[in-house]
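Peer 1:
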Amino acid sequence: MIAPKLITLENSIVNAMSELGDSHNAINMATGYTDFHCSPRLIDLVQKHISEGINEFAPPYGVTSLRERVSEKIENLYGHRYNPETEITITAGATQAIFTIVTALIREGDEVVIFEPAYDSYVPAIEINGGKPVFVPLKGNDFRIDWEEVQKLITANTRMIIINSPHNPTGMVFSELDMLRLQKIINGTRITVLSDEIFEHIVFNGDSHQSVALYPKLAERSVIISSFGETYHVSGWQIGYCAGPADVMHELRKVQRVMMQSVSSPFQWALSEFLEYKEEYLQLAEFYKEKRDRFNELMATTRFKPIVSHGTFFQLFSYDNISDESDKDFAIRLVKEAGVTTVPISAFYHEKSKKHLLRFNFARTDENLEEVAKRLGQF
Numbered sequence: 001m002i003a004p005k006l007i008t009l010e011n012s013i014v015n016a017m018s019e020l021g022d023s024h025n026a027i028n029m030a031t032g033y034t035d036f037h038c039s040p041r042l043i044d045l046v047q048k049h050i051s052e053g054i055n056e057f058a059p060p061y062g063v064t065s066l067r068e069r070v071s072e073k074i075e076n077l078y079g080h081r082y083n084p085e086t087e088i089t090i091t092a093g094a095t096q097a098i099f100t101i102v103t104a105l106i107r108e109g110d111e112v113v114i115f116e117p118a119y120d121s122y123v124p125a126i127e128i129n130g131g132k133p134v135f136v137p138l139k140g141n142d143f144r145i146d147w148e149e150v151q152k153l154i155t156a157n158t159r160m161i162i163i164n165s166p167h168n169p170t171g172m173v174f175s176e177l178d179m180l181r182l183q184k185i186i187n188g189t190r191i192t193v194l195s196d197e198i199f200e201h202i203v204f205n206g207d208s209h210q211s212v213a214l215y216p217k218l219a220e221r222s223v224i225i226s227s228f229g230e231t232y233h234v235s236g237w238q239i240g241y242c243a244g245p246a247d248v249m250h251e252l253r254k255v256q257r258v259m260m261q262s263v264s265s266p267f268q269w270a271l272s273e274f275l276e277y278k279e280e281y282l283q284l285a286e287f288y289k290e291k292r293d294r295f296n297e298l299m300a301t302t303r304f305k306p307i308v309s310h311g312t313f314f315q316l317f318s319y320d321n322i323s324d325e326s327d328k329d330f331a332i333r334l335v336k337e338a339g340v341t342t343v344p345i346s347a348f349y350h351e352k353s354k355k356h357l358l359r360f361n362f363a364r365t366d367e368n369l370e371e372v373a374k375r376l377g378q379f
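Be aware that the sequence shown starts at 1, since it is given in full-length UniProt numbering, and climbs by one per residue.
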């Protein structure tokens, strides 16, 4: 008889909804990938390095040239320099990075503050390492943080606060005031901030991305996670990185070394060259803003009501005007009757949510966005 370590962990609702959608030939607006191609230039670089024989193990913490390019990029964008030798590690995607950081830093009984709704890989990483998640709900229709509530939940056992901006699934982005309040809370504590910044280049409405790297006192107590997959439309490559203080990175690398030999060599070399083309990520916000605006324009012909997305390629829509069903039941019916797959927001809460909200991924071709709106307009 096997005693499960993750008693509460079930099949991801995103995966379950996608499987249901596939069985009904629905348009998938649920999963976190894009349905358009990455840059041909990046593909050419990968093919070049494969042809040149770059097919063996890379260094366990990442190809030096890629770590150097990441360091330069962060310094150019946010003004903080991370030593590529000791403060940057290449990972097999952002989710692996999350698990590695939590495993390296969290012990039995340690508390980790999480803002809900939240990406569904945070809690399992905490619980499998004996930690205790402490949940803080985001407030209002704009999903803001009540920092007074956060302060009250900090105890002698608090070891980590996980932040995610731009935020999945709500599209909320942190303000400068948010960062200053966070900085004040961790001052004089043993708390490490895990800053999930995988959507750093997808910020709208005149906002700017508030990286922890912009704040020296935060940077010295934080680990940044980012991902090339979300930036370059190559989520299947599973390549990301961590940037943080050398002592934290030292512990992280211990864990990573026993989890894997290395991240894909030709992809790393290709990305190290591709990072020279800054326009590929600097133009990303405008590209997705056009997608978001187009999708909202199309959805205006339906009874679904948008919640403003300030970042990411996700958009929440309310179905209050359509049904009183739970979000999960409504999402299932939407697949079966309209042929559109979404994610109920309750998938991102540890307890049942009564919000009538669904998450749509608008990183889709214009043809798919138009067809989704057409189907929902008839629903």
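We treat Cβ as the ideally placed atom computed from N, Cα and C, and that holds for glycine.
(1) When you compare only the Cα positions, how much space is there between D324 and A373?
(2) Could you check what DSSP says for S23 in three-state terms: helix, strand or coil?
(3) Using only alpha-carbon positions, find the residue among H24, T342 and L105 that is nearest to L357.
(4) Quick one: measure Cβ to Cβ for E273 and S39, integer angstroms, because I've assumed they're closer than 8 Å.
(5) Near V70, which residues of its chain fall below 6 Å by C-beta distance, leaving aside the five closest residues on each side in sequence?
(6) Rounded to whole angstroms, what is the Cα-Cα separation between P216 and N55?
(7) Over the uninterrupted beta strand (DSSP E) stretch that includes G240, give me the two end residues.
(8) Measure the alpha-carbon distance for E220 versus A246 and round it to whole angstroms.
(9) Spatial neighbours of V150 within its chain, please: C-beta separation below 7 Å, excluding the five flanking residues on both sides.
(10) Can you find the residues in the same chain that come closer than 7 Å, C-beta to C-beta, to H201, ignoring five residues on each side of it along the sequence?
(11) From what residue to what residue does the beta strand (DSSP E) around T89 run?
(12) Can at least three beta-carbon pairs, one atom from the region 124 to 133 and one from the region 256 to 271, be found at a separation below 8 Å?
(13) Here's the rule: buried if 16 or more other CB atoms are within 10 angstroms of the residue's CB, otherwise exposed. What is A300?
(14) Compare the C-alpha of I163 against each of F287, I43, S51 and V193 and name the closest.
(15) Measure how close the beta-carbons of Y119 and N168 come, nearest whole angstrom, since I'm counting them as under 8 Å.
(16) For R303, I'd like the list of residues in its chain whose CB is within less than 7 Å of its CB, leaving aside the five on either flank, ordered along the chain.
(17) Under a three-way DSSP split, which group does D196 fall into?
(18) Taking one C-beta from the region 330 to 345 and one from the region 22 to 40 each time, how about it: are there three or more such pairs within less than 8 Å?
(19) With 16 other CB atoms within 10 Å as the buried threshold, where does S12 fall?
(20) Answer with buried or exposed for G236, where buried requires no fewer than 16 other C-beta atoms within 10 angstroms of its C-beta.
(21) If you drop the 5 nearest sequence neighbours on each side, which residues of the same chain put their C-beta closer than 7 Å to that of N368?
(22) Give the C-beta separation of G244 and S222 to the nearest angstrom, bearing in mind that I take them to be a contact with Cβ-Cβ under 8 Å.
(23) Cutting at 8 Å between CB atoms, please list the residues of its own chain near E52, excluding the five before and the five after it.
(24) Cutting at 6 Å between CB atoms, please list the residues of its own chain near L138, excluding the five before and the five after it.
Peer 2: The short version:
(1) 21 Å
(2) helix
(3) T342
(4) Between S39 and E273 the Cβ distance is about 12 Å, and since that is not below 8 Å, they are no contact.
(5) I88 and Y241
(6) 38 Å
(7) Taken as a continuous stretch (DSSP letters only), the beta strand (DSSP E) holding G240 covers G240 to A243.
(8) In a straight line, the C-alpha of E220 is about 9 Å away from that of A246.
(9) V113, V136 and I185
(10) T231, Y281, L284 and A285
(11) I88 to T91
(12) no
(13) exposed
(14) V193
(15) Correct: roughly 5 Å between the Cβ atoms.
(16) N321 and I322
(17) strand
(18) yes
(19) exposed
(20) exposed
(21) I27 and D35
(22) 6 Å
(23) none
(24) Within the same chain, L138 has close Cβ partners F115.
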